[in-house]
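Written below as structure tokens is the structure these notes are about.
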Amino acid sequence: MRTLVELTRAPAALTVLGDTAVGAVAAGRPLRGRRALLPLASVSLYWAGMALNDWADRERDAVERPERPIPAGRIGPDQALRVAAVLGSCGALAAACAGPAEARVGAGLAASVAGYDAVLKHGAAGPAGMALCRGLDVLLGAGGDRAAWPAAAVLAGHTGGVTALARGEVDGTGVPTAAAALAGTALTAAAVVAGRCASPRHRVAAAGAALVYAATVGSAQWRTCRRPDGATVRAATRAGIRGMVPLQVALVARRDLRAAAVLAVAVPLARHLGSRVEIA
123 MRTLVELTRA PAALTVLGDT AVGAVAAGRP LRGRRALLPL ASVSLYWAGM
173 ALNDWADRER DAVERPERPI PAGRIGPDQA LRVAAVLGSC GALAAACAGP
223 AEARVGAGLA ASVAGYDAVL KHGAAGPAGM ALCRGLDVLL GAGGDRAAWP
273 AAAVLAGHTG GVTALARGEV DGTGVPTAAA ALAGTALTAA AVVAGRCASP
323 RHRVAAAGAA LVYAATVGSA QWRTCRRPDG ATVRAATRAG IRGMVPLQVA
373 LVARRDLRAA AVLAVAVPLA RHLGSRVEIA
């Protein structure tokens, strides 16, 4: 069980639970009835992607991260691939149970996850591929409704910046990459505050959560600009993962304060668990 937890980065799934909530609130489609399965579909597909990530990177990890389950010999490559297949199938099935629109988005998300891990990850399109996965995860909660596209773009943009920076977790990164990630974080926070809100109260709540997001992610990225070595980049990547939750809270708070309050409970948990996981 511990090996499976490490293989799937199980604790980090907390940072994707809010994606479908963001999409649902933006589209005005509550996560009720069969649609309550969508957060579970999101988590299953995330875990599948992490397992597939380690299967695809097993030779590279044997050199760079020998402590991971596959190179350490705690699980075989074929077993890891089966875990990814089962989890991916469960995620797609859960999305399909929620409705036909959700089924289409879920299938697209599953395909995007597989494409990122098996093809795009180490190429120039890698950050864009990961960003697409995150955006589709938000749209899963919205059933693909266009009303959720702006919110999906915000989370996708953040994810792309974190992914680009995470490529330097082993050997460090360049100052331009670190500066670009920091600029992206500032633009993301500004976009959240400038977006349409249900009332002044909603805007204040969104601005507060956006400030927490900017402080959490931006401060770590600023340190990376000053010292772009591998250890500092890893810390900034973890901060980027933790920052997903306050960003989700900010996006939800623009229209639903009650849902934002529920989601905010995950912020301290994400801060704790985010220090123990990797996305690369």
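Note that our numbering has the sequence shown beginning at 123, numbered continuously upward. Every residue gets a Cβ at the ideal spot worked out from N, C-alpha and C, and that includes glycine.
1) Which word fits residue 222, buried or exposed, when buried means at least 16 other C-beta atoms lie within 10 angstroms of its C-beta?
2) Hey, could you find the ends of the alpha helix (DSSP H) residue 289 is sitting in?
3) Do you know offhand how far residue 193's Cα is from residue 129's?
4) Using a Cβ-Cβ cutoff of less than 6 Å, which residues in the same chain neighbour residue 397 once the five nearest sequence positions on both sides are dropped?
5) Rounding to the nearest angstrom, what Cα-Cα distance links residue 460 and residue 178 in this structure?
6) I'd like the list of long-range same chain contacts for residue 275, defined as Cβ closer than 8 Å, with 5 residues on each side in sequence excluded.
7) Take residue 149 as the anchor and find which of 373, 282, 387 and 293 has the nearest alpha-carbon.
8) Verify whether the separation of the beta carbon atoms of residue 227 and residue 262 is less than 9 Å.
9) Return the chain-ordered ranges of every alpha helix (DSSP H) run that is complete within the region 245 to 307 and spans a minimum of 4 residues.
10) Quick one: using the 10 Å Cβ neighbour count with 16 as the cut-off for buried, is residue 198 buried or exposed?
11) Taking residue 127 as the reference, give the member of 268, 190 and 279 with the closest Cα.
12) Three-state secondary structure (DSSP) at residue 194?
The short version:
1) Residue 222 is classed as exposed because its beta carbon has fewer than 16 other beta carbons within 10 Å across all chains shown.
2) Judged by DSSP secondary structure, residue 289 falls outside any alpha helix (DSSP H); it is assigned neither H nor E.
3) About 11 Å.
4) At residue 397 the pLDDT is 49, less than 50, meaning the model places this residue with poor confidence; the figure from the coordinates comes in the next sentence. Same-chain partners within the cutoff: 360.
5) The structure shown has nothing for residue 460, since the chain only spans 123 to 402.
6) 257, listed in sequence order.
7) For residue 149, the closest of 373, 282, 387 and 293 by C-alpha to C-alpha distance is 373.
8) Result yes, Cβ atoms of residue 227 and residue 262 sit closer than 9 Å.
9) Along the length of the region 245 to 307, whole alpha helix (DSSP H) runs at least 4 residues long occupy 248 to 264 and 271 to 288, reported in chain order.
10) By the 10 Å Cβ count, residue 198 comes out exposed.
11) Minimum Cα distance to residue 127 is reached at 190.
12) Note: residue 194 maps to coil in three-state DSSP.
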